[in-house]
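Protein chains: 2
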Amino acid sequence: MDSRTGLPTVGMVGGGQLARMTHQAAIALGQSLRVLAEHPDDSAALVAPDVSLGSHLDLAALREFAARCDVVTFDHEHVPGDHIRSLAAGGHTVYPSAEALRYAQDKAVMRQRLSDLGIPVPRYLVVPSDDVTGPDEVVDRVTAFGRDAGWPVVVKTARGGYDGRGVWVVRDADAVRDLVTGFEPVPDLVLEELVPLSRELAAVVARSPFGQAAAWPVVETVQEDGICVEVVAPAPELPEDRAAAATRLALTVAHRLDVVGVLAVELFDVPVSSAAPDGLQVNELAMRPHNSAHWTMDGSVTGQFEQHLRAVLDYPLGRTDAVAPWTVMGNVLGGPADGPGAAVSLDERVHHLAARFPDVKVHLYGKGYRPGRKLGHVNVCGSDLAELRRRARLSAQWLGDGVWADGWSSDEAATAEAGGDR
Amino acid sequence: MDSRTGLPTVGMVGGGQLARMTHQAAIALGQSLRVLAEHPDDSAALVAPDVSLGSHLDLAALREFAARCDVVTFDHEHVPGDHIRSLAAGGHTVYPSAEALRYAQDKAVMRQRLSDLGIPVPRYLVVPSDDVTGPDEVVDRVTAFGRDAGWPVVVKTARGGYDGRGVWVVRDADAVRDLVTGFEPVPDLVLEELVPLSRELAAVVARSPFGQAAAWPVVETVQEDGICVEVVAPAPELPEDRAAAATRLALTVAHRLDVVGVLAVELFDVPVSSAAPDGLQVNELAMRPHNSAHWTMDGSVTGQFEQHLRAVLDYPLGRTDAVAPWTVMGNVLGGPADGPGAAVSLDERVHHLAARFPDVKVHLYGKGYRPGRKLGHVNVCGSDLAELRRRARLSAQWLGDGVWADGWSSDEAATAEAGGDR
Ligand SMILES: Nc1ncnc2c1ncn2[C@@H]1O[C@H](COP(=O)(O)OP(=O)(O)OP(=O)(O)O)[C@@H](O)[C@H]1O
Ligand SMILES: Nc1ncnc2c1ncn2[C@@H]1O[C@H](COP(=O)(O)OP(=O)(O)OP(=O)(O)O)[C@@H](O)[C@H]1O
Ligand SMILES: [Mg+2]
Ligand SMILES: [Mg+2]
Numbered sequence: 001m002d003s004r005t006g007l008p009t010v011g012m013v014g015g016g017q018l019a020r021m022t023h024q025a026a027i028a029l030g031q032s033l034r035v036l037a038e039h040p041d042d043s044a045a046l047v048a049p050d051v052s053l054g055s056h057l058d059l060a061a062l063r064e065f066a067a068r069c070d071v072v073t074f075d076h077e078h079v080p081g082d083h084i085r086s087l088a089a090g091g092h093t094v095y096p097s098a099e100a101l102r103y104a105q106d107k108a109v110m111r112q113r114l115s116d117l118g119i120p121v122p123r124y125l126v127v128p129s130d131d132v133t134g135p136d137e138v139v140d141r142v143t144a145f146g147r148d149a150g151w152p153v154v155v156k157t158a159r160g161g162y163d164g165r166g167v168w169v170v171r172d173a174d175a176v177r178d179l180v181t182g183f184e185p186v187p188d189l190v191l192e193e194l195v196p197l198s199r200e201l202a203a204v205v206a207r208s209p210f211g212q213a214a215a216w217p218v219v220e221t222v223q224e225d226g227i228c229v230e231v232v233a234p235a236p237e238l239p240e241d242r243a244a245a246a247t248r249l250a251l252t253v254a255h256r257l258d259v260v261g262v263l264a265v266e267l268f269d270v271p272v273s274s275a276a277p278d279g280l281q282v283n284e285l286a287m288r289p290h291n292s293a294h295w296t297m298d299g300s301v302t303g304q305f306e307q308h309l310r311a312v313l314d315y316p317l318g319r320t321d322a323v324a325p326w327t328v329m330g331n332v333l334g335g336p337a338d339g340p341g342a343a344v345s346l347d348e349r350v351h352h353l354a355a356r357f358p359d360v361k362v363h364l365y366g367k368g369y370r371p372g373r374k375l376g377h378v379n380v381c382g383s384d385l386a387e388l389r390r391r392a393r394l395s396a397q398w399l400g401d402g403v404w405a406d407g408w409s410s411d412e413a414a415t416a417e418a419g420g421d422r
Numbered sequence: 001m002d003s004r005t006g007l008p009t010v011g012m013v014g015g016g017q018l019a020r021m022t023h024q025a026a027i028a029l030g031q032s033l034r035v036l037a038e039h040p041d042d043s044a045a046l047v048a049p050d051v052s053l054g055s056h057l058d059l060a061a062l063r064e065f066a067a068r069c070d071v072v073t074f075d076h077e078h079v080p081g082d083h084i085r086s087l088a089a090g091g092h093t094v095y096p097s098a099e100a101l102r103y104a105q106d107k108a109v110m111r112q113r114l115s116d117l118g119i120p121v122p123r124y125l126v127v128p129s130d131d132v133t134g135p136d137e138v139v140d141r142v143t144a145f146g147r148d149a150g151w152p153v154v155v156k157t158a159r160g161g162y163d164g165r166g167v168w169v170v171r172d173a174d175a176v177r178d179l180v181t182g183f184e185p186v187p188d189l190v191l192e193e194l195v196p197l198s199r200e201l202a203a204v205v206a207r208s209p210f211g212q213a214a215a216w217p218v219v220e221t222v223q224e225d226g227i228c229v230e231v232v233a234p235a236p237e238l239p240e241d242r243a244a245a246a247t248r249l250a251l252t253v254a255h256r257l258d259v260v261g262v263l264a265v266e267l268f269d270v271p272v273s274s275a276a277p278d279g280l281q282v283n284e285l286a287m288r289p290h291n292s293a294h295w296t297m298d299g300s301v302t303g304q305f306e307q308h309l310r311a312v313l314d315y316p317l318g319r320t321d322a323v324a325p326w327t328v329m330g331n332v333l334g335g336p337a338d339g340p341g342a343a344v345s346l347d348e349r350v351h352h353l354a355a356r357f358p359d360v361k362v363h364l365y366g367k368g369y370r371p372g373r374k375l376g377h378v379n380v381c382g383s384d385l386a387e388l389r390r391r392a393r394l395s396a397q398w399l400g401d402g403v404w405a406d407g408w409s410s411d412e413a414a415t416a417e418a419g420g421d422r
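Just so you know, the sequences run in chain order G and X. The numbers in full-length UniProt numbering rise by one with no breaks, and the one at position 347 of the first sequence is 347. The numbers in full-length UniProt numbering rise by one with no breaks, and the one at position 201 of the second sequence is 201.
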């Protein structure tokens, strides 16, 4: 309890953009997020006053941090379960628990558990590293799986992957051999069929220790090269019953895995079959605010960062209604370092974006520039979906690349484009 | 320019709630607000990492602060004009300028200038302190003004008043004598007729150095005991032509006084007359984010804090459309220290508010408790105005007093009240 404000203190392990935006939400609730960051230049450390520097792998640092918080939660999945269990054993309140978080940390454990719960997942096979004698045996296992389930095969590292790193699609035994010779050492692997998905969806919910849960509308997520580039809320032309099934599924996962905080369930939209009776299969789980719900910051009565705080504080949850017919989120990814717009400063980019699209909401993370890095996102709300998608795409690309993909120039057209109606 | 982010740095003089909420908005723009605060426990100092401690009256402190900012702006009106001129003379960019800010600092100067511009104001008389030999002469002047303009008379200190402190309504010569004997010394005064207003309005706009301006919908502000308790956006049943006139008037003031940043024009809604051809008279001006536009944080595409930043950075301004048919803001004022709810902690208050009204947005300032002090505000958006007003009032009172004015108890009714539709 902060004696100055009479309010509890939430601590977040990890100083990335999720912590940054959680701090923004904490301010409204009368609080200030306490952050354990690795570097003083981390995204959240640039904007929050109460930052401890330390590694999420260092139990002593975690303990010292937790001692100054009423609740501890996470910006990422990388805190070892044993450390979290130690904190809990020491009397600290930590959400989500180590037991829940396991299923967001390890795709092998997650696949197994969801299957046990009868939740539809792609056909898969876990290949634990200590179950194979070496690369050759991995090749044999993948080849056997491919023969059985059909090629291509999706090979994933069980732990540590993100933004598509740690996910490979292999077409045949030769490709498997090429991939596996790069492993040093061989990690735990999950093999999956390449799902004939028509698109990807996400069902995001929040759940409190009290057991209350609230779901946002189901969204469509668009990935390119394994990384999310766009989210459309709600998912266009998703039949009501499929949307309801997706939400039910996410609520079931939250309940059965005893998740506290935001839970994002990444889904594949697939043909109805016995392996996917509702036309849905779970891809993976995230137990923290998630990219697929960044749209809620401007598009919903309660944004995911506030909701995550409410959940871990065991406050009743906020309304999750959309505030506009459509919201489109575009991820800002750092463009090529030698691209034609590389010389355009971020300041100029924001300036010209504001000039062209006065209705686009910008969220920048203060992160150093690196090609492909997530530097921010934009949201735009309204009623004309095609137009919103155009704006979000153009805006995100411009902020990332310094290039308007449609050739727009601020010199030629000094006037703003009228905003979409609401 | 911040070398880490490639973005300019805005510094705000004053560490109150306006700086706090401006920091929140700065985060989205990739920035972190630099704050000059008097105390480490100031509202903004609790949530921003880059705080200098110092007085806004100390020119050396202001100079040192400005040297580390690309633009300096203000959380309040109390920085002496000469100090601001010194900063500008030293090459610092300061918005609004001393010349503009004068009209928000001194009601006598403001009344005079607006009259000169032909903008309707209440009938008034300035009584400069060095124009009167002592209290007796003040009584004579007020009595003469009352005889002329009619009783009661509104007596205001020209400078330093806020939340109705520094504003008195006197009914007759005896009351004037009582008031004036309390003055020590006699301040510069403005005498005004008591305007037969039907209600109060505010027209809030923002303007950039480039000259671009954007206006939010005109709102109704409700004051009790001289302090704003509620704002309704847009002002109910305001005829379109009167709303347009109010907006035009605010844009004219912004333009003619060369205001940069947010400008709030407090207005009286009065019968049409030769002294008020549009049924409007200006009460006062604020040149910073203002209580009458707190609703924009949840109720408009662009909130006033972001817009103020855009304006002082000379970025193009954001859209000012409302996101819902109605938004109601309720101010949270500290209740009596010995009231029946005084023992209910702020944490419990937030908790129960969330339980009862999951659609109400809370904004708390982290300020120490004091009866009558503005501790925060709530916003609620939707389509049923009467219901929104009920929710905002009850919520703000509950947060301030620890008492539900309608007797609701969380024990009896554990379920939330369904939110208003949008
Ligand atoms: N079995 C599969 N069939 C088809 N496509 C798949 C399959 N598994 C993964 N993908 C594709 O690869 C993307 C990344 O996979 P996954 O979400 O497992 O990896 P990640 O690196 O953990 O991603 P994230 O950034 O979401 O954490 C998916 O969004 C999907 O587009
Ligand atoms: N001439 C007038 N006639 C009628 N009512 C008046 C007049 N002047 C002021 N008032 C009332 O007193 C309130 C406070 O006046 P004013 O805005 O001048 O004071 P303030 O202390 O500067 O307030 P603020 O908190 O807005 O800065 C007004 O909102 C209005 O309700
Ligand atoms: Mg994924
Ligand atoms: Mg006023």
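Cβ coordinates follow ideal geometry from the N, Cα and C atoms, glycine included.
Asked, Found
"Integer Cβ distance of Pro80(G) from Leu280(G), believed to fall under 8 Å", "No, Pro80(G) and Leu280(G) are not in contact; Cβ-Cβ is about 31 Å, not under 8 Å."
"Coarse secondary structure for Trp326(X), derived from DSSP in three states", "strand"
"Counted within 10 angstroms of its Cβ, other Cβ atoms place Leu201(G) as buried (16 or more) or exposed", "buried"
"Cutoff 6 Å; reference Pro122(G); Cβ partners in own chain excluding five residues on either side", "Glu192, Glu193, Val195 and Gln281"
"Closer than 6 Å: Glu284(G) CB and nearest ligand 3 heavy atom", "yes"
"Test: Thr221(X) CB closer than 7 Å to a CB of chain G", "no"
"Residues surrounding ligand 2 [beta-carbon distance to nearest heavy atom under 5 Å]", "Pro122(X), Val154(X), Gly161(X), Tyr162(X), Asp163(X), Gly164(X), Val167(X), Glu192(X), Leu194(X), Val195(X), Gln223(X), Gly226(X) and Glu284(X)"
"CA-to-CA distance, Arg113(G) to Asp172(G), given in whole angstroms", "29 Å"
"CA-to-CA distance, Val323(G) to His23(X), given in whole angstroms", "24 Å"
"Status (buried if at least 16 other CB within 10 Å, exposed otherwise) for Pro234(G)", "buried"
"Local Cβ density within 10 Å of Arg376(X), reported as buried at 16 or more and exposed below that", "First, the amino acid is wrong: residue 376(X) is Gly here, not Arg. The residue is buried, with at least 16 neighbouring Cβ atoms inside 10 Å."
"Same chain, Cβ closer than 7 Å to Gly420(G), neighbours up to 5 away in sequence not counted", "Any reading at Gly420(G) needs caution, since the residue's pLDDT is 49, under 50, leaving its predicted position unreliable; the model's value is listed next. Within the same chain, Gly420(G) has close Cβ partners Asp359, Gly382, Ser383, Asp384, Glu387 and Leu388."
"Nonlocal neighbours in the same chain, by C-beta distance under 6 Å from Ala98(X), ignoring five residues either side", "Gly81, Ile84 and Arg85"
"Buried versus exposed call for Gly146(G) [16 or more other C-beta atoms within 10 Å across all chains shown]", "buried"
"Gly16(G) vs Val35(G) beta-carbon contact at 7 Å", "no"
"Burial state of Arg356(X), where buried means 16 or more other Cβ atoms lie within 10 Å", "buried"
"Beta-carbon proximity check, Asn379(X) vs Asp298(X), cutoff 7 Å", "yes"
"Reference Pro316(G); option with closest CA among His352(X), Asp347(X) and Gly341(X)", "His352(X)"
"Close beta carbons around Arg165(X), own chain, < 8 Å, minus the five adjacent residues each side", "Gly226"
"Per-residue DSSP class, three states only, for Ile27(X)", "helix"
"Coarse secondary structure for Gly420(X), derived from DSSP in three states", "Residue placement at Gly420(X) is flagged as unreliable, the pLDDT there being 49, under the threshold of 50; the coordinate-derived value follows with that caveat. It is coil, neither helix nor strand."
"Run of the beta strand (DSSP E) containing residue 423(X), from where it starts to where it stops", "Because chain X is modelled from 1 through 422, residue 423(X) falls outside the range shown and cannot be assessed."
"Those residues which DSSP pairs with Ala19(G) across a bridge", "In DSSP, Ala19(G) forms no bridge with anything."
"Contact list for the segment 46-75 of chain G against chain X, Cβ threshold 8 Å", "Leu46, Val47, Ala48, Pro49 and Val51"
"Residue 435(G) Cβ short of 6 Å to ligand 3 heavy atom set", "Residue numbering for chain G in the displayed model covers 1 to 422; residue 435(G) lies beyond these limits and cannot be assessed."
"Beta carbon proximity, Tyr124(X) to chain G, threshold 7 Å", "no"
"Helix, strand or coil at Thr93(G) [DSSP, three-state]", "coil"
"Phe65(G), buried or exposed, once every other Cβ within 10 Å from all chains shown has been counted against 16", "buried"
"Residue-chain proximity (Thr5(G), chain X), Cβ-Cβ < 7 Å", "yes"
"Integer-rounded CB distance, given that Val362(G) should sit under 8 Å from Ala25(X)", "About 11 Å separates the two Cβ atoms, so there is no contact after all."
"CA-to-CA distance, Arg20(G) to His290(G), given in whole angstroms", "13 Å"
"Chain G within 7 Å of Ser410(X), Cβ atoms only", "no"
"Rounded C-alpha distance that separates Asp50(X) from Gly303(G)", "26 Å"
"Residue-chain proximity (Gly14(G), chain X), Cβ-Cβ < 7 Å", "no"
"CB-CB length for Asn283(G) against Leu309(G), believed under 8 Å", "So it is not a contact: roughly 26 Å between Cβ atoms."
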